[in-house]
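For reference, the structure is listed below as structure tokens.
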């Protein structure tokens, strides 16, 4: 009876390992020349690097628009947006010039105009 239980336990562990290997694996050659396949580690969590690139790209976008239009025209368009619908008001709030986008605009301005 003990042999049947250990056999079933081994079958279960083999099935679980196959499921993990189906999601991706890494193969390595051991010192004895045996090729061993191990499941890839799961990379969980929130993609902070992607979010950082998104925020950086948004500031760069604001800086390019600010450099291209100039501060006066940019402010007038923001004033027009702030008089619009709720979505336009939210866009006007997000697009308000800040220190980062103004610095980027100053650096880019010679190349844009």
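Numbering (the working numbering), first residue to last: 6 to 118. Every residue, glycine too, gets a C-beta built ideally from N, C-alpha and C.
Assigned secondary structure, residue i (DSSP; H/G/I helix, E/B strand, else coil)
i, result
"residue 33", "strand"
"residue 51", "coil"
"residue 43", "strand"
"residue 18", "helix"
"residue 106", "helix"
Pairwise C-alpha distance: residue j and residue i
i, j, result
"residue 47", "residue 89", "46 Å"
"residue 28", "residue 60", "31 Å"
"residue 72", "residue 65", "10 Å"
"residue 20", "residue 12", "12 Å"
Member of the options whose CA lies at the smallest distance from the CA of residue i
i, options, result
"residue 107", "18, 79, 93 and 91", "79"
"residue 87", "74, 101 and 70", "101"
"residue 105", "63, 91 and 92", "63"
Cβ neighbour criterion (16 or more within 10 Å) applied to residue i
i, result
"residue 67", "buried"
"residue 110", "buried"
Under 8 Å between C-beta atoms of residue i and residue j
i, j, result
"residue 113", "residue 69", "yes"
"residue 97", "residue 83", "yes"
"residue 44", "residue 14", "no"
"residue 34", "residue 40", "yes"
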